[in-house]
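Engineer:
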Amino acid sequence: MKNGKVLLLGRPNVGKSTFVNNLIGQKVAITSPKPQTTRFAIKAVYSDDRGQIIFVDTPGIMGKTEDRLSENINKKTLQALNEEVDLVIYMIDHTRKRDFEEARVLGMVRKIDKPKILVINKVDLQEKSYLPQYKFLEDEFSSVFQISGLNKTHVKPLLDKMFELIPEGKGIEEIPSDLKYPVLNFDSKIFVSELIREKVFLMMGEEIPYRTTAIVDEISERKNGITYIKARILTTDDRYKKMLIGAAGRKIKEIGSYARKEIALAINKKVYLDLTIETDPHWQETYY
Numbered sequence: 331m332k333n334g335k336v337l338l339l340g341r342p343n344v345g346k347s348t349f350v351n352n353l354i355g356q357k358v359a360i361t362s363p364k365p366q367t368t369r370f371a372i373k374a375v376y377s378d379d380r381g382q383i384i385f386v387d388t389p390g391i392m393g394k395t396e397d398r399l400s401e402n403i404n405k406k407t408l409q410a411l412n413e414e415v416d417l418v419i420y421m422i423d424h425t426r427k428r429d430f431e432e433a434r435v436l437g438m439v440r441k442i443d444k445p446k447i448l449v450i451n452k453v454d455l456q457e458k459s460y461l462p463q464y465k466f467l468e469d470e471f472s473s474v475f476q477i478s479g480l481n482k483t484h485v486k487p488l489l490d491k492m493f494e495l496i497p498e499g500k501g502i503e504e505i506p507s508d509l510k511y512p513v514l515n516f517d518s519k520i521f522v523s524e525l526i527r528e529k530v531f532l533m534m535g536e537e538i539p540y541r542t543t544a545i546v547d548e549i550s551e552r553k554n555g556i557t558y559i560k561a562r563i564l565t566t567d568d569r570y571k572k573m574l575i576g577a578a579g580r581k582i583k584e585i586g587s588y589a590r591k592e593i594a595l596a597i598n599k600k601v602y603l604d605l606t607i608e609t610d611p612h613w614q615e616t617y618y
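331 is the number of the first residue of the sequence shown in the working numbering; add one for each residue after it.
Structure below.
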């Protein structure tokens, strides 16, 4: 049996989380079109009859950090570089030009003394491509794959190569999560808070998602079989709070409804989500 740890590195929004979600077959990392959606390094487990791969899905490295949250997100990725890994996947998005941010990530990849695979993602998008700008990288990597993480094009040969490169070893006997989703370093409260935060990213404007987080205070099973979840969305300013609540409370109800449905789908149980919004100017210092 094979058992290895694979580190995923790349700029924000190159598709690392979508790739992991689709490969594993369920959502383990939240996604949105906005950068900085991922704020934690996620250790997700893929298993088949060949063994297990632990994917360390990192937040995208940002070239510029203008606030405490951005700085801490970059720090979490840098901490992940110190993980003992067996293989590195460097993922690029061929629809975006090379820039300082890309150069910074590449510099980090070059310093890691492990087998490396270059993955060129989003081949399903061909209307705009800067692939010639990345051609020089093919000489630096023993293997190069062009894939679509969204629709899993060419993902199987990439997975085969990963199993070829990781070592023999005993797999993980049980996923340590009370919700039984394949993530090693998240408990149920973090998992649920991430799903709520994803809905804020998807349903609010450009600025508000970066001024909010979600905190889950309670998850309990009621006698009627319903899972009760008490959660809060924290934001830095009262004006954002008003926008999150919306006219007649419609926006918070909409966010809560979409989040509840996805949580229920993930845990295969009926869910009651008690969701409120609070202003906390210092949530970044407290929780990140």
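Here a beta-carbon is modelled for each residue, glycine too, at the ideal position from N, C-alpha and C.
Quick check on the DSSP output: what are the complete beta strand (DSSP E) runs of length 3 or more inside the segment 522-586, in order along the chain?
Structural biologist: Listed in chain order, they are 542-551 and 557-565.
Engineer: Just the Cα atoms here: how many angstroms apart are Tyr588 and Leu337?
Structural biologist: Approximately 31 angstroms, taken between the alpha carbons.
Engineer: Which partner residues of Tyr460 appear in the DSSP bridge assignment?
Structural biologist: Partner(s): none; Tyr460 has no beta bridge.
Engineer: Mind checking which residues open and close the beta strand (DSSP E) that includes Asn333?
Structural biologist: Counting along the chain, the beta strand (DSSP E) containing Asn333 begins and ends at Lys332 to Leu339.
Engineer: My assumption, with CB atoms under 8 angstroms, is that Ile563 sits in contact with Leu605. Please give the rounded CB distance.
Structural biologist: Indeed they touch by this definition, with Cβ atoms about 7 angstroms apart.
Engineer: Taking a contact to mean a Cβ-Cβ separation below 9 angstroms, would you say Arg541 touches Asp567 in this structure?
Structural biologist: Contact: yes.
Engineer: Out of Ile496, Glu615 and Ile372, state which residue places its alpha-carbon closest to the alpha-carbon of Asp416.
Structural biologist: Checked all of Ile496, Glu615 and Ile372; the closest Cα to Asp416 is Ile496.
Engineer: If I follow the unbroken alpha helix (DSSP H) through Gly437, where does it start and stop?
Structural biologist: Start and end: Phe430 to Lys441.
Engineer: Once you ignore the five residues that flank Val435 on each side, which residues in its own chain have a CB closer than 7 angstroms to its CB?
Structural biologist: Leu339, Gly340, Arg341 and Ile391, listed in sequence order.
Engineer: Count the other CB atoms, across all protein chains shown, that sit within 10 Å of the CB of Phe385; report buried if there are 16 or more and exposed otherwise.
Structural biologist: Buried.
Engineer: Whole angstroms are fine: how far does the CA of Met331 sit from the CA of Gln614?
Structural biologist: Approximately 42 angstroms, taken between the alpha carbons.
Engineer: What is the rounded straight-line gap between the Cα of Gly381 and the Cα of Lys591?
Structural biologist: Approximately 32 angstroms, taken between the alpha carbons.
Engineer: If you follow the alpha helix (DSSP H) that Thr348 is part of, which residue opens it and which one closes it?
Structural biologist: Note, Thr348: alpha helix (DSSP H), Lys346 to Ile354.
Engineer: Which one of Ile607, Phe349 and Ala374 has the shortest CA to CA distance from Phe521?
Structural biologist: It is Ala374 whose Cα lies nearest to the Cα of Phe521.
Engineer: Compare the C-alpha of Lys364 against each of Phe493, Glu432 and Glu528 and name the closest.
Structural biologist: Selected option, being the one with the closest Cα: Glu528.
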